[in-house]
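Colleague: Sequence order for the protein chains is A and B.
The numbering used here puts the first residue of the first sequence at 1, with every later residue one more than the last.
The numbering used here puts the first residue of the second sequence at 1001, with every later residue one more than the last.
In this text, a Cβ means the ideal position worked out from N, Cα and C, and glycines have one as well.
In this text the structure is predicted, and so the values were computed from the model without any measurement.
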Amino acid sequence: MKRSISIILLVAALPLVGCDSSRAPSFQLSEQSLKLSNFAQDKVQGELTAGFGSPAELVVWPELEIDFGQFGGTIGKVGPRPGTIRIGQTAADGLKPQSELATEKLLQSLRGAAVVVTNAQSSAETTSEAAPANEEATSAPSVYRVASYDTASRLLSVIDESGQPAQLNASEGDTVQVLGSTLQTGRNLYLRHCMHCHGVSGDGAGPTAQYFKVKPRDYRQGVIKFTSTKAAVPHPSRDDLFRIIKLGVPGTYMPSFMLLPDDEVNLIVEYVRWLAMRGEMERKLNAWLSTSYSQEAVNEADSLSELQSEFEAEWNTDSAEFIERFGNDLKLDWQDADKPESVVNPTAPRTPSSPESIARGRELFLSKDAKCASCHGETARGNGPSTEAFNDLPGMPPGTKSDKPGLFDNWGNIVKPRDLTTGVFRGGRRPIDIYRRIHSGIKGTPMQAFGTTLKEEQIWDVVNYVLSIPFEDKQSGH
Amino acid sequence: MNKFWPIFFMFWPILAIVSFVIAPGMDWWFPGPAMSPLGQQIDNLFYLILVIVAVTFVGTHVALGYVLWRGVDNKDTKAWFSHGSHNLEMLWSIAPAGILMFISLYQLDVWMEFRVKSHFPEGTTPVAEVTARQFEWRIRYPAPGKKLMTTPQADDLYTVNDLHVPFGRPVSIRLRAMDVQHSFFIPELRVKQDAVPGTIIPVWFEASKPGEYDLTCAELCGWGHYKMRGRVFAESESGFDQYIKTLQAEQNFDGVTQPEHSGAQIAEYGIEDSQ
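Structure (structure tokens):
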């Protein structure tokens, strides 16, 4: 009987063995970065870690167009245990809760977020390298990391760089700020709901992605297909991302997250934008370094050390300026996406759908001006002649042809023009959605923008035709 | 020590009964009271079966315990072995068969009302088509004032994971599956029906109170089964009409105004005219 009990215990213990704590999520370098020489790779990695951190320790880079989130207040009491602070009653002032439920739940795992303590008196004894420069402060603030935070008792436990309870240089009345709370909670939600398809780095290569025929979006180009923004605006607005998460993308594996509370979706949106910016920063660094310092350049170089010292010299003189410029570009580009004037909004209301309008739309669909049929096919089944041709690769110098027939998107996948007879519209089925698809195209795909070639009324005619296609009389002979 | 086995074997049925008795208080029971008239009848059937089973269970275990307890101290008499008693066998064949027959006949009304279309309550109107797909519920309503058609219409309204129905009267949905087998489950209304690709299954229910009810998938349909959740809003007639109108306005939004001519017009004009 003893033996049978020990067997039962062993079997019961089996699930515990499955947990492997060594597989903490980490950001991976992109395929392009891996083509760089080792020394350039190190710099890229270092720069990304400095600007963005790791999934476990996110870095707040205030220059970015991101709501990193912060809360705090004055210290009510230091202690009782080493490394703990009780935040005073004003603590909630910095919080922007949209619903009690979400805030309570989300603030539970702030582990790793930065804690900045600014002494009220000007008796600064310790300074930290990681402390942000703040010239106005009378003393240099001390920086720690959150171990845990209890919303009910406002008890904040902080740790130092080594993970031990911090030796606090703080006293009652000092100011304490927890930075990056929004991003941190966004990350928690992302890892839970999104990561298994979209990947830790937002590369669209999470564990479940391999089973999909339609690949999850790789955010690292900052490009999302279905946006409300104009063709010249490369990025999606926050609202676009919100809609996609809430409504899903019909016809793909992206499900609807309708039941997630709005504020949780907003946090995920912010984290996805941040991941996209991280990916773009990596691409910008690559674009700068890949011509001279790729793995290939190393193979062709006469002397490795010469190339490396050349690189070091260039890096030391230019990197600060370049990175500042890249960061600034990111900021401006993403700011653009959220400006009201970036959204495609027609001035003329939709032409009421009528046989005449539909006929005009069909005419345009088949015409040389709009040339919809060249990809979507004359019967709109997504089988136009372009799908069989060798086409220019998008995102490459003009004239770079694909080695396989078909239409390619920016991510290197073959894309099929939509079969418009099915009545499934990935980017939404409202007239305005289809108007925007035609006006500014589908970003990252060969679906181009017709906002300049077609007039508003013409686009509305095409919209009316497209919306009528699923209900066409199938016997009419075309 | 002789009493170890009687105690061991009696411990488990007692634990089971104690668990059952404290379960409702511990919230281990049903997901709330039944929120539909038919759900109440289904609960009643459940309780009837529970009582039958409980009486049988307690009876047999008291008998077993009694026999074990007595047997431990009985060192003198050798156990008596019986190889069959015709009367006893007749008894324990006919009694359970009778009970099963009773249950199967007694529940027929509820079963027919729930599953057989010709026995659906009078006035049951189809409000929406619900299509299950990995891993969401895609919902199609007819335009205000229209009937739900089997095939999509130009003025149909679409939404996802959010089923609105009027409360206080029987409504039905047409249940479909786009990819694999799913199961449409509203625990609080006691409604569960598999969704099978290639078939359209009518499912009726009646929410007796307004409110928000969970809609879950009750058939393991793939890796994302756990996230296949929706919600059912039971609303007043006017609230439901208002919702459909809002949905229609949203669906026809053109970025400028609400068009006077909605998608409904496309169907009315007839598309073949445009050829």
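Determine the chain B residues that contact residue 426 of chain A at a beta-carbon separation under 8 Å, and present them in chain order.
Modeller: Ordered by position in chain B, no residue passes the 8 Å Cβ test against residue 426 of chain A, which lies about 13 Å from the chain.
Colleague: Using DSSP bridges, identify the partner residues of residue 53 of chain A.
Modeller: According to DSSP, residue 53 of chain A bridges with A:58.
Colleague: Give the DSSP-derived three-state secondary structure of residue 1137 of chain B in the structure shown.
Modeller: In the structure shown, residue 1137 of chain B sits in a strand (DSSP, three-state: E or B).
Colleague: So who's on the other strand from residue 1166 of chain B, going by DSSP bridges?
Modeller: Beta-bridge pairing links residue 1166 of chain B to B:1235.
Colleague: When Cβ atoms are compared, which residues of the stretch 314–335 of chain A fall closer than 7 Å to chain B?
Modeller: For the stretch 314–335 of chain A, which is checked against every Cβ of chain B, not one residue is closer than 7 Å.
Colleague: Does the pairing of the stretch 360–370 of chain A with the stretch 389–408 of chain A give three or more beta-carbon distances under 8 Å?
Modeller: With the cut-off at 8 Å, the stretch 360–370 of chain A and the stretch 389–408 of chain A do not touch.
Colleague: Identify every residue that forms a DSSP beta bridge with residue 1176 of chain B.
Modeller: According to DSSP, residue 1176 of chain B bridges with B:1131.
Colleague: Do residue 1032 of chain B and residue 1188 of chain B have their C-beta atoms within less than 8 Å of each other?
Modeller: Result yes, Cβ atoms of residue 1032 of chain B and residue 1188 of chain B sit closer than 8 Å.
Colleague: In or out: residue 1004 of chain B buried (at least 16 other Cβ within 10 Å) or exposed?
Modeller: When all chains shown are included, residue 1004 of chain B counts as exposed.
Colleague: Fully enclosed by the stretch 155–217 of chain A, which beta strand (DSSP E) runs are 3 residues long or longer?
Modeller: The qualifying runs are 155–159, 175–179.
Colleague: For residue 1182 of chain B, count neighbouring C-beta atoms within 10 Å of its own C-beta (all shown protein chains included) and say buried if the count is 16 or more, exposed if not.
Modeller: Under this definition residue 1182 of chain B is a buried residue.
Colleague: Using the Cα positions of residue 206 of chain A and residue 196 of chain A, report the straight-line distance between them to the nearest angstrom.
Modeller: Distance between the alpha carbons of residue 206 of chain A and residue 196 of chain A: 5 Å.
Colleague: Just checking my contact of residue 112 of chain A with residue 59 of chain A at CB under 8 Å: how many whole Å lie between their CB atoms?
Modeller: Their Cβ separation, rounded to whole angstroms, is 11 Å, which puts residue 112 of chain A and residue 59 of chain A out of contact at 8 Å.
Colleague: Since I believe residue 78 of chain A is in contact with residue 237 of chain A (beta carbons under 8 Å), could you give me their beta-carbon distance rounded to a whole number of angstroms?
Modeller: About 44 Å separates the two Cβ atoms, so there is no contact after all.
Colleague: Under 8 Å between the Cβ atoms of residue 1201 of chain B and residue 1195 of chain B?
Modeller: Closer than 8 Å, so yes.
Colleague: Using only alpha-carbon positions, find the residue among B:1167, B:1014, B:1162 that is nearest to residue 1234 of chain B.
Modeller: Ranking B:1167, B:1014, B:1162 by Cα distance to residue 1234 of chain B puts B:1167 first.
Colleague: If distances are taken between C-alpha atoms only, which option among A:440, A:220, A:373 comes closest to residue 452 of chain A?
Modeller: Selected option, being the one with the closest Cα: A:440.
Colleague: If I follow the unbroken beta strand (DSSP E) through residue 297 of chain A, where does it start and stop?
Modeller: Not the beta strand (DSSP E): residue 297 of chain A falls in the alpha helix (DSSP H), residues 295–300.
Colleague: Would you mind working out which of A:37, A:424, A:166 sits nearest residue 312 of chain A, comparing C-alpha positions?
Modeller: Residue A:37 is the option with its Cα nearest to residue 312 of chain A.
Colleague: Based on the DSSP output, what are the partners of residue 1220 of chain B in its beta bridges?
Modeller: The partner list for residue 1220 of chain B (beta bridge, DSSP) is empty, contrary to what the question assumes.
Colleague: Report the start-end ranges of each alpha helix (DSSP H) in the stretch 1031–1103 of chain B that is 4 residues or longer and not cut off at the edges.
Modeller: Correct list: 1037–1073.
Colleague: Does the CB of residue 1218 of chain B have a neighbour CB from chain A at under 8 Å?
Modeller: No, residue 1218 of chain B lies away from the interface with chain A (no Cβ there is under 8 Å from its Cβ).
Colleague: Beta-carbon within less than 7 Å of residue 1107 of chain B's beta-carbon, same chain only, minus the 5 sequence neighbours each way: which residues are those?
Modeller: The residues are 1045.
Colleague: Does any residue of chain A bring its CB to less than 8 Å from the CB of residue 1248 of chain B?
Modeller: It does not; no Cβ of chain A falls within 8 Å.
Colleague: Excluding the five sequence neighbours on either side, which residues of its own chain have a C-beta within less than 6 Å of the C-beta of residue 230 of chain A, listed in chain order?
Modeller: These residues qualify, in order along the chain: 342, 344, 440.
Colleague: Mapping the DSSP letters down to three states, classify residue 1190 of chain B as helix, strand or coil.
Modeller: Reduced to three states, the DSSP call for residue 1190 of chain B is coil.
Colleague: Under 8 Å between the Cβ atoms of residue 1125 of chain B and residue 1247 of chain B?
Modeller: Cβ distance not < 8 Å, so residue 1125 of chain B and residue 1247 of chain B don't count as in contact.
Colleague: Answer with buried or exposed for residue 435 of chain A, where buried requires no fewer than 16 other C-beta atoms within 10 angstroms of its C-beta.
Modeller: So residue 435 of chain A counts as buried.
Colleague: What does residue 248 of chain A touch in chain B if you count any residue whose Cβ is under 7 Å from its own?
Modeller: Neighbours of residue 248 of chain A on chain B, chain order: 1136, 1160.
Colleague: Distance check for residue 407 of chain A and residue 391 of chain A, CA to CA, integer angstroms please.
Modeller: About 6 Å.
Colleague: With burial defined as no fewer than 16 other Cβ atoms inside 10 Å of the residue's Cβ, what is the status of residue 387 of chain A: buried or exposed?
Modeller: Classification for residue 387 of chain A: buried.
Colleague: Going along chain A in order, which residues have a C-beta closer than 7 Å to the C-beta of residue 1227 of chain B?
Modeller: Here the neighbours are 255.
Colleague: I'd like to know whether the C-beta of residue 1251 of chain B is nearer than 8 Å to at least one C-beta of chain A.
Modeller: Yes, contact with chain A.
Colleague: Using 10 angstroms around the beta-carbon of residue 188 of chain A, count the other beta-carbons present and answer buried if the total reaches 16, otherwise exposed.
Modeller: Buried, by the Cβ-count rule.
Colleague: Could you tell me whether any Cβ in chain A is nearer than 8 Å to the Cβ of residue 1012 of chain B?
Modeller: Closer than 8 Å: no.
Colleague: From what residue to what residue does the beta strand (DSSP E) around residue 1029 of chain B run?
Modeller: Residue 1029 of chain B -> no beta strand (DSSP E), and no H or E assigned at all.
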